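Chains as they are written, first to last, in the numbering used here: chain A, 3 to 375; chain B, 3 to 375.
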């Protein structure tokens, strides 16, 4: 399928497919990371759903996936239309600046002037049309020279997301909604999140970045010149027989740093960031409370069930059950419960404690029980 | 081992090993009933622990076990010293009057004048010496012609047990603690149980009955003459080649009724019941709340774990975990929780809901998911 939407002729999608999603243990594992799971009951993995959102905008041949070597087979199984030159394999994880920066550098070499957009492989978006409108505006802002991001209109005082503080409109003819951003803020406490929501000046940081590849790389180089030098060297060798040797030499030494710090925040500080508000039902599915919310459509009293062969018998119970076995699961008188049943590990917690799952994973690593990670 | 305690020369122990223990599902099952489990972490099944309490009092060759045909192999594995003539197999369950009555009738035929004592295979007793003292007194009361039961001194206003209302002492020289009983009462609500405890006149019905076999059978015959006739016919044929034919013909038609109704209550009404108070740490382990209490030694804030290969990681959690798998179980922020993890079924509930487990089992039967019962 080769097609694209008007205005997106120069656009290329990048899907960084990394990150285990420790807060979703024991569902997500090193060998079965979050993006390889169906967390919405749609029948598609999050990775496949991300592909299916992008492909109608840019065409199958204009999506690049960056993932770990260990996940190559699983990714190719999920994305049979992904072409071989468009899969970038990391020998080891080096964070989002390296992953997205390498993809941008390779694409800029192959197609000077390309506009890239990076979309995480493990987020959920409900309204495809709303997403498309925001992407079209973001690409227009990128054409105008900005680094664009899509900021999500908050629907509640979420404490699990970062926020972007915006102040007034940019004047971009082709991108009328674009806002100026002056700061990225980390996950707030509930009181601060409530103030953010009431002020109307904060959007969630959805982690989507759209820019000319050259602009993004220039910004990255201002923050981290050595990282840019390494990525440039990798890109120059990528489509040559030297790729393997250069990867082995350069990749392991690259600085591990999130793209928020190397590109988004410095661009905001320099007035080069355009924020396109998006209101299309977004979630990063960061923990089991998010899964419960997504599956139950926001209702609190229901019991949500995720699992193909789930056999659940609930009596006066609510929350979420994630079933990866064919075991019968019986709940009696437990509310807001989270039960995750896998072949070798079982988690029982509550929605209110969902963020603490990561600390259990950390404890498991320390306790020598890493066989279930 | 052939031995006995002074005063217990005519005494014969009967262990009715029946009853699935549905409130302990999914641990207890039709093919793995409660008495075949270790519910205290002692390393012994409840059946074996019952044997080990009785054997020092009466000798290995004076204990009869009544159980279902399906459990023969498991019972023999647990009790290698159980002699073949002392295992009575039920072709189908017919309740305690038939089970204990048949054992009494067989033993009376073999040894006229025998005193029998029936002790459930699935109860827990902590203080062996206290138990022994109570049994010796009960046997003395039985020698004096009474039907004796051991009433447990209540340690809390339990709602999961039946009670016996006592009023004053019987005058039995050899059984100085024996009390008169005037009524058996069913499981009370918490307010009633509290009144019972405060009055000091109520003991728990521990379901232990000690009497001359002839006296017990006479009392049974006054209530249920047809049942006694059937049991007598069975006993007459038991040690003959006709046993099989008579069992096939008679057993399935016997009335299913608890011995409380056919023997204990009528004996109390007729002034023939002697209640020996016992205070030796007794529990019928009726539900998972009882297991939690037993394992934690009465402390409320602990997490109790039952399972040979249990791997449990608990964070701000309390309650009980029963693990029959080698799965890792992680609990985060769940209090008074009950988690029972077996190969094909998982239960998550709370101590407060432990009595409701039976209703789940009933629902499973109705829903056609009986494969896990």
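Glycine included, C-beta positions come from ideal geometry on N, C-alpha and C.
Computed from a predicted model, the values in this text were never measured in an experiment.
Looking at chain B, which residues of the stretch 328 to 348 of chain A have a Cβ within less than 7 angstroms of any of its Cβ atoms? Cβ contacts with chain B: 329, 330, 331, 332, 333, 334, 335, 336, 339, 341, 343, 346, 347 and 348.
What separation, rounded to the nearest whole angstrom, lies between the Cα atoms of residue 3 of chain B and residue 64 of chain B? Confidence at residue 3 of chain B is low in this model, with a pLDDT of 45, below 50, so its placement is unreliable and the value that follows should be read with caution. Going by the C-alpha atoms only, they are around 10 angstroms apart.
Counting along the chain, where does the beta strand (DSSP E) carrying residue 249 of chain A start and finish? Residue 249 of chain A -> not in any beta strand (DSSP E); alpha helix (DSSP H) instead, spanning 245 to 252.
Cα-Cα separation, residue 336 of chain B to residue 306 of chain B: 13 angstroms
Residue 148 of chain B by DSSP, collapsed to three states: which one? coil
Would residue 374 of chain B pass as an interface residue toward chain A - the criterion being a Cβ-Cβ separation below 7 angstroms? Yes, residue 374 of chain B lies at the interface with chain A (some Cβ there is under 7 angstroms from its Cβ).
Starting from the beta carbon of residue 134 of chain B, find every residue of chain A whose beta carbon is closer than 8 angstroms, and list them in chain order. Ordered by position in chain A, no residue passes the 8 angstroms Cβ test against residue 134 of chain B, which lies about 39 angstroms from the chain.
Use the C-beta contact count for residue 355 of chain A: other C-beta atoms within 10 angstroms, 16 or more gives buried, fewer gives exposed. Burial call: buried.
Less than 8 angstroms between the CB atoms is what I'm expecting for residue 68 of chain B and residue 38 of chain B, so what's the real figure, rounded? No, residue 68 of chain B and residue 38 of chain B are not in contact; Cβ-Cβ is about 15 angstroms, not under 8 angstroms.
Quick one: Cα of residue 96 of chain A to Cα of residue 23 of chain A, how far? 16 angstroms
Boundaries (first-last residue) of the beta strand (DSSP E) holding residue 349 of chain A: 347 to 352
Run through chain E and tell me which residues come within less than 7 angstroms of residue 355 of chain B, C-beta to C-beta. Checking the listed chains, one finds no chain E in this structure; the protein chains it contains are A and B.
Which residues of chain B have a Cβ atom closer than 8 angstroms to the Cβ of residue 33 of chain A, listed in chain order? Within chain B, no residue comes near residue 33 of chain A; the closest Cβ sits about 16 angstroms away, beyond 8 angstroms.
Residues of chain A with CB closer than 8 angstroms to the CB of residue 315 of chain B, please, in chain order. 362, 365, 366, 369 and 371
Does the Cβ of residue 145 of chain A have 16 or more other Cβ atoms within 10 Å, making it buried, or fewer, making it exposed? buried
Take the Cβ of residue 244 of chain B as the centre, count every other Cβ of all protein chains shown within 10 Å, and call the residue buried at 16 or more, exposed below. exposed
Does DSSP put residue 11 of chain A in a helix, in a strand, or in coil? coil
Helix, strand or coil: how does DSSP classify residue 3 of chain B here? Confidence at residue 3 of chain B is low in this model, with a pLDDT of 45, below 50, so its placement is unreliable and the value that follows should be read with caution. DSSP, read as helix, strand or coil, puts residue 3 of chain B in coil.
Tell me which residues share the same chain as residue 53 of chain B and place their Cβ nearer than 6 angstroms to its Cβ, disregarding the 5 neighbours each side in the sequence. 81
Which two residues bound the contiguous beta strand (DSSP E) that contains residue 316 of chain A? 313 to 317
Below 8 angstroms, can you find three or more Cβ-Cβ pairs linking the stretch 205 to 225 of chain A to the stretch 247 to 264 of chain A? yes
Between residue 288 of chain B and the rest of its own chain, which residues show a CB-CB distance below 7 angstroms, the 5 nearest in sequence each way excluded? 25 and 162
Within chain A, the residues that residue 358 of chain B reaches when beta carbons sit closer than 9 angstroms: 317, 318, 334 and 335
Could you name the residues of the same chain whose beta carbon sits closer than 8 angstroms to that of residue 172 of chain A, not counting the 5 residues immediately before and after it, in chain order? Contacts found: 143, 148, 180, 181, 182 and 276.
Give me, in chain order, the residues of the same chain whose beta-carbon lies closer than 7 angstroms to that of residue 203 of chain B; leave out the 5 immediate sequence neighbours on both sides. Result list for residue 203 of chain B: 167, 168 and 169, in chain order.
Would you be able to state if there are at least three C-beta pairs under 8 angstroms between the stretch 183 to 198 of chain A and the stretch 151 to 162 of chain A? yes
First and last residue of the beta strand (DSSP E) that includes residue 211 of chain A? 204 to 214
Could you give the residue range of the alpha helix (DSSP H) that holds residue 179 of chain A? Careful: residue 179 of chain A lies outside any alpha helix (DSSP H) and carries neither H nor E.
Could you say which of A/211, A/315, A/43 and A/373 lies nearest to residue 368 of chain B if we only look at CA atoms? If we check each option's Cα against that of residue 368 of chain B, A/315 comes out closest.
Taking the alpha carbon of residue 218 of chain A as the point to measure from, which residue in A/205, A/250, A/270 and A/79 has its own alpha carbon closest? A/270
If contact is defined by three or more beta carbon pairs under 8 angstroms, each pair taking one atom from either stretch, is the stretch 10 to 21 of chain A in contact with the stretch 117 to 126 of chain A? yes
For a test of the three-state rule: what should DSSP assign to residue 27 of chain B, helix, strand or coil? Coil.
For residue 164 of chain B, which residues does DSSP report across the bridge? For residue 164 of chain B, which the question treats as bridged, DSSP gives no partner whatsoever.
Check whether the Cβ of residue 186 of chain A lies closer than 6 angstroms to any heavy atom of the ligand COA, and answer yes or no. Annotation note on the ligand COA: not contained in the displayed structure, which lists no ligands.
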